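Everything below concerns the one structure shown next.
In structure tokens:
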């Protein structure tokens, strides 16, 4: 039983006749064997990159509390701690420096602002906004540190 050729193709064409395909392949193989110098064959692969080890994200390192994850977390905590120490030191210097300022310059103790002495006006009115501004700057810088940490972790 030979397959019936499809309409539009002549019977016995290489596409429909398996025997013709085999003889064509056999002819090419014979020509290859007869040549004195073997032809070079290029073998290509769709993968162009070298085999890589599986990606092990740094977030997984942190979640599983490995040594590398501990190093990452320690660096973030150290950065945040340094920032907190800096802000607290600045505020302590301002709050602790005011009594020294008023002690060293006694004329400032005698100045009145709206019926209130200057030391009380500074302590009651200006220290709290300084605390709020210091807290706002601290939160802003802490969020920036966390963004840098997240970029570092994702880049790895």
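Numbering (my numbering), first residue to last: 4 to 159. Glycine included, every Cβ here is placed at the ideal spot set by N, Cα and C. Only a predicted model underlies this, so the values are computations on that prediction, with no experimental measurement involved.
Residue environment, residue i, which counts as buried when at least 16 other CB atoms sit within 10 Å
| i | result |
| --- | --- |
| residue 131 | exposed |
C-beta atoms of residue i and residue j nearer than 8 Å
| i | j | result |
| --- | --- | --- |
| residue 126 | residue 101 | yes |
| residue 145 | residue 68 | no |
| residue 94 | residue 152 | no |
| residue 121 | residue 129 | no |
| residue 80 | residue 148 | no |
Same chain, Cβ closer than 6 Å to residue i, neighbours up to 5 away in sequence not counted
| i | result |
| --- | --- |
| residue 90 | 137 and 141 |
| residue 105 | 111, 112 and 122 |
| residue 157 | none |
CB contact check: residue i to chain D, cutoff 8 Å
| i | result |
| --- | --- |
| residue 103 | Here chain D cannot be found, since the structure has a single protein chain. |
Coil, strand or helix - residue i by DSSP
| i | result |
| --- | --- |
| residue 114 | coil |
| residue 44 | coil |
Which listed residue (the options) has its alpha carbon closest to that of residue i
| i | options | result |
| --- | --- | --- |
| residue 154 | 75, 44 and 43 | 75 |
| residue 115 | 124, 107 and 30 | 124 |
Cutoff 8 Å; reference residue i; Cβ partners in own chain excluding five residues on either side
| i | result |
| --- | --- |
| residue 34 | none |
| residue 218 | Beyond the ends of the chain as shown, which are 4 and 159, falls residue 218; an answer cannot be given. |
Own chain partners of residue i with C-beta closer than 7 Å, once the 5 adjacent residues on each side are dropped
| i | result |
| --- | --- |
| residue 32 | none |
| residue 98 | 130 |
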